[in-house]
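Chemist:
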Amino acid sequence: MKLLQNYKHKILLLAMLVYCSMYNLMAQSADGIDQATSEVESYVDPISSLIIAIGAVVGLIGGIRVYIKWQSGDQDTQKALMGWFGACLFLILVGVVIQAFFG
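Position one of the sequence shown corresponds to residue 760 (my numbering), numbered consecutively onward.
If you want it as structure tokens, here you go:
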């Protein structure tokens, strides 16, 4: 009977040790996730601003290309205009969505 009681104490001690070590590991994991979240949030504003700036440059260059096609009397001006407008809209919306999603 004494051997069985000693065995139960060892099992209880082992279970408590496993529980404490798992609690410590889970706390470290949560700290790592919090650190990664803060790092991602620190990159959101510069990246979204960069994407919006790239959208502005693409819009300016595309606008000049469409104007040149229009002045030369090219037949596919409407196609170029729609492609240019879609690219600008996509880049600007991506910047805004990234900022809304992660910011």
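The C-beta atom is built at its ideal place from N, Cα and C for all residues, glycine as well. The structure displayed is predicted, hence computed values, not measured ones.
1) As a quick exercise: from S807, A812, L840 and I813, pick the residue whose alpha carbon is nearest that of G822.
2) How many Å lie between D790 and I827 at the Cα?
3) Counting pairs of Cβ atoms below 8 Å between the region 804-816 and the region 850-858, do you hit three or more?
4) Distance, Cα to Cα, M775 vs Q794?
5) Where does G854 sit, in a helix, a strand or coil, going by DSSP?
6) Does the beta-carbon of G832 have 16 or more other beta-carbons within 10 angstroms, so that it is buried, or is it exposed?
7) Determine the burial state of L848: buried for a count of at least 16 other Cβ atoms within 10 Å of its Cβ, exposed for fewer.
8) Among L773, Q858, K767 and A846, which one has its Cα closest to the Cα of A815?
9) Which of the three DSSP states, helix, strand or coil, is assigned to G845?
10) Can you tell me the Cα-Cα spacing of K767 and I792, whole angstroms?
Modeler: Quick look at the numbers:
1) L840
2) 56 Å
3) yes
4) 29 Å
5) helix
6) exposed
7) exposed
8) A846
9) helix
10) 37 Å
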